[in-house]
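Okay, structure first, notes after.
In the working numbering, the protein residues as written are 51 to 260.
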């Protein structure tokens, strides 16, 4: 994890100026730095979304220990991905799909590292993420794009329902290769239930023919 995080940071952030303090206090104005290029990952792996806090008009690092760090996705109704504040994680309002899969590097906050580790990547995680850093008197944010690679195919499932009037329920879903998708049918209500694998993202359409 350490080598992955350091590699991400070193690829997008300039070095501190010689002779300058590398751990300025988290007071005054600052800026947020993230990679300009999209970050690529593969479904099922871990990824680090790099975010660094610097002095507003210099390359000096600002400690983020006493700052609030919020990672979010504006395209989701429950937009919170991860929140660090008051020296601890505050994820009560976190989007349920991210529970247990996010972390900030608390031991590196003193070095201005506000990066987010996202574990067990899913196809649905592909999005733009905003890193917002806030003090009592200042706020800055930047957006980083995560692209998730994977192969997909069309999976067709046909369930036969036995009743007084025979019906067929067709389910067409987009599933991801090498993942398991489980379908079951309720013959009484002629409905179809998808038991979703947590690593799978898909769209499903249902059509009932009498």
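A virtual CB, placed ideally from N, CA and C, is assigned to each residue, including glycine.
- The residue from 158, 79, 192 and 177 with its alpha-carbon nearest to that of residue 198 is 177.
- Annotated as distal: residue 93 and residue 194, with beta-carbon spacing of 8 Å or more.
- DSSP places residue 189 in the strand class (E or B) of the three-state scheme.
- Boundaries cannot be given for residue 107, as no beta strand (DSSP E) includes it and DSSP labels it neither H nor E.
- Sequence-distant Cβ neighbours of residue 175 in its own chain, meaning closer than 7 Å and more than five residues away, are 168, 196 and 198.
- Nearest Cα to residue 104 within the set 88, 183 and 144: 183.
- For residue 107, the closest C-alpha among the options 186, 88, 82 and 124 is that of 82.
- Collapsing the DSSP output to three states places residue 176 in coil.
- Assignment of beta-bridge partners to residue 199 by DSSP yields 92.
- The beta carbon of residue 129 is closer than 8 Å to those of 122, 123 and 145 in its chain, skipping five residues each way along the sequence.
- Bounds of the beta strand (DSSP E) holding residue 167 are 166-168.
- Here residue 132 is buried, its C-beta having at least 16 other C-beta atoms within 10 Å.
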